[in-house]
Amino acid sequence: MPTSPTNSAVPENSGVRRRALLGAAAAAPVLAGLSGTAASAAPGSRRRPRALPGGGDLGPNVIVFDPSTPDIQARLDAIFRQQESAQFGTGRYQLLFEPGTYNGLNAQIGFYTSISGLGLSPDDTTINGDVTVDAGWFDGNATQNFWRSAENLALVPVNGTNRWAVAQAAPFRRMHVRGGLNLAPDGYGWASGGYIADSRVDGTVGPYSQQQWYTRDSSVGGWTNGVWNMVFSGVDGAPAQGFPNPPYTTLQTTPVSREKPFLYLEGGQYRVFLPALRTDARGVSWGNGTPRGTSLPLERFYVAKPGDSAATLNQALEQGLDLLLTPGIYHVDQPVRVDRADTVVLGLGYATLIPDNGVTALRVADVDGVRLAGFLVDAGPVNSPVLLEVGPEGASADHSANPITVQDVFIRIGGAGPGKATTSLVINARHTVVDHTWVWRADHGDGVGWETNRCDYGVVVNGDDVLATGLFVEHFNKYDVQWNGERGRTIFFQNEKAYDAPDQAAIQNGSLKGYAAYKVGDHVTAHEGWGMGSYCYYNVNPDIVQHHGFAAPEREGVRFHSLSVVSLSGNGQYECVINDTGSPTSGTDTVPSTVVSYP
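Residue numbering for the sequence shown follows the numbering used here, starting at 160 and increasing by one per position.
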């Protein structure tokens, strides 16, 4: 890995480390009151491990700026040069801007880089300049601009429009753009994103070449066009329903939402804000002053560093601490176990969990209010039956008043090296809200091949009353999504079938040609989905035929709106859209076949 530029990124006079260490000192009386955390034991008894401290320094890859920091642009540029094309590299960075005004910046954001403001509102931290993602590193093609994010900032773009040309796993959250937003790369090359939530764009959003996009609980001054699948829920200024021409699917509200936790400064101390649950939400959560919710001081968190073991992370959780995963890579040789209600596991800068020896990376018990946010799970070389499990098998508790939320949690099998799993993400807990995930079996990079990075299932939902808002799942050997729970709902789904199937026999599903991208269990009596697309690109064997993109029982309570399937340049074809309904794709024109409503 190239030499890190971060050692000189935090100025000595910034006070950041002083604040963090004050937080650690404040943790002592809190931890003393927690059961089972004694640093020593009575004579003759088994000695317990020394209690882990809360709070502490955020580490070298969390870079904090204030308006007086010198050479901010040079430091941003140095990180970007390292991360611009490091698609499968090990660098991880979180850029934090203290409240105030910053002039003349262009923060170019590369791989595994997150930029955030440290105010309670986006408008507390204003950049007179741009936060830019473009695709110069890939010849103007933005379809691989993954794993980067922007959050909690106000932007005044230099030329009136900010460019954010991203693909999957690149959220744009709690942003205020005082101008327009261009989602296409320079030159309008291919683009395949994306996700906006809790944001306000005063001007017009131009997706241009973006194939699909989901915008939730936001406000826009206008929206110019769409290619295949543009979905809006709870968005002031969203275009009217028009699918398939124009390809807009518009819901007036989002049924259930709770914004992602975020780090902020209050009185010179770090805290983590926990936004409140909203039902039938519309518009931003921060529009009328202080957002609703609660917050926790940093000393309530174990500030994890790369190299911390799963045993250490579990000890912290058992003490009653939450987890703040600072940027880097964490190998875990046992599952990280989240057993306490209302636990927060928050990652910074795409902190990455890699399970060793075929274990599950993280497991959540059947408890209320757990929040998982902002990290990546990367499969290890030994097959894991499950990479991330939310609720144990048979989970049955009612979490409707305080659901588990999974936000900006991404899963990858292969690409950075050999990786295998049977199922990537299993949701057993009822009422879970999955808000923006990309679950990806790699189609390029290292350790890639039909059997080399095999993973049969992307997302399996067994729990009832689960809601997915922004579900991206791609390239699995069998079902990308298998939904067995009752009353499930998905708002926006993006999928590509596995590119690398060697022949028709390899994907044969009994008498059916291929496994559906999204399969609702045959026993399910109630399910609903909006704005859902599946694309095939069987480039190893373009003669492969996929019967349909979607499969579901034919009954009144199972309903779909705005479905599409696309053959990319004729590499494979679909015979139908859902079940036996919908026209086949044909030829090489990459034209969607659509079903407006089903049944």
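C-beta: ideal position from N, C-alpha, C; glycine also.
Query                                                                                                                             : Result
Segment limits, alpha helix (DSSP H) that includes Phe239                                                                         : 231–242
Distance between beta carbons of Tyr696 and Asn738, contact taken as under 8 Å                                                    : Incorrect: roughly 23 Å between the Cβ atoms, too far for contact.
With 16 other Cβ atoms within 10 Å as the buried cut-off, status of Thr596                                                        : buried
Sequence-distant residues of its chain with Cβ nearer than 6 Å to Thr413 (five each side left out)                                : Arg375, Asp376, Ser392, Gly393, Ala440
Leu535 - containing beta strand (DSSP E), residue span                                                                            : 530–537
Close beta carbons around Asn287, own chain, < 6 Å, minus the five adjacent residues each side                                    : Asn262, Val315
Contact under 7 Å by Cβ, Asp615 with Thr581                                                                                       : yes
Test item: CB-CB of Val724 and Val736 under 7 Å                                                                                   : yes
CB of Arg571 within 7 Å of CB of Asp605, strictly                                                                                 : no
Same chain only: Cβ atoms within 6 Å of Arg307, ignoring 5 sequence neighbours per side                                           : Ile268, Thr272, Ala329
N-terminal and C-terminal residue of the beta strand (DSSP E) that Glu655 is part of                                              : 647–655
Beta-carbon contacts of Pro398 that lie in its chain and below 6 Å, excluding the five residues immediately before and after      : Trp382, Tyr407
Burial state of Arg209 (16 or more Cβ within 10 Å)                                                                                : exposed
Through-space distance from Val717 to His761, alpha-carbon basis                                                                  : This structure gives no information on residue 761, because the portion of the chain shown stretches from 160 to 758.
Residue nearest to Asn404 in terms of C-alpha spacing, selected from Gly396, Asn384, Arg417                                       : Asn384
DSSP state of Ile222 mapped onto helix, strand, coil                                                                              : strand
Beta-bridge partners of Ser351, as assigned by DSSP                                                                               : DSSP output for Ser351 lists no bridge partner at all.
DSSP-derived helix/strand/coil call for Ala184                                                                                    : Below a pLDDT of 50, predicted positions are generally treated as unreliable, and Ala184, at 32, falls in that range; the measurement from the model is reported next regardless. Ala184 falls in the helix class under three-state DSSP.
Closest Cα partner of Arg332 within the set Gly533, Val526, Tyr461                                                                : Gly533
Of the residues Asn654, Pro577, Gly690, the one placed nearest Gly539, counting alpha carbons only                                : Pro577
Buried/exposed call for Thr753, threshold 16 Cβ in 10 Å                                                                           : buried
Secondary structure of Arg459, DSSP reduced to three states                                                                       : helix
As assigned by DSSP and simplified to three states, the class of Ala665                                                           : helix
Close Cβ partners of Phe270 (< 6 Å) along its chain, the five nearest in sequence each way excluded                               : Gln242, Ala245, Gln246, Trp306
Reduced DSSP category for Gln566 - H, G, I as helix; E, B as strand; rest coil                                                    : strand
First and last residue of the uninterrupted beta strand (DSSP E) at Glu477                                                        : No beta strand (DSSP E) holds Glu477; the alpha helix (DSSP H) holding it covers 469–477.
Contacts around Thr438, its chain only, beta-carbon distance under 6 Å, and the 5 residues preceding and following it disregarded : Val415
Val619, buried or exposed, once every other Cβ within 10 Å from all chains shown has been counted against 16                      : buried
Phe432, enclosing beta strand (DSSP E) - first and last residue                                                                   : 428–434
Beta-bridge partners of Tyr373, as assigned by DSSP                                                                               : Tyr354, Val390
Residues of its chain near Gly380, where Cβ-Cβ distance is below 7 Å and the 5 sequence neighbours each way are ignored           : Val360, Asp361, Gly362, Thr363, Gly396
Terminal residues of the beta strand (DSSP E) in which Leu422 lies                                                                : 421–425
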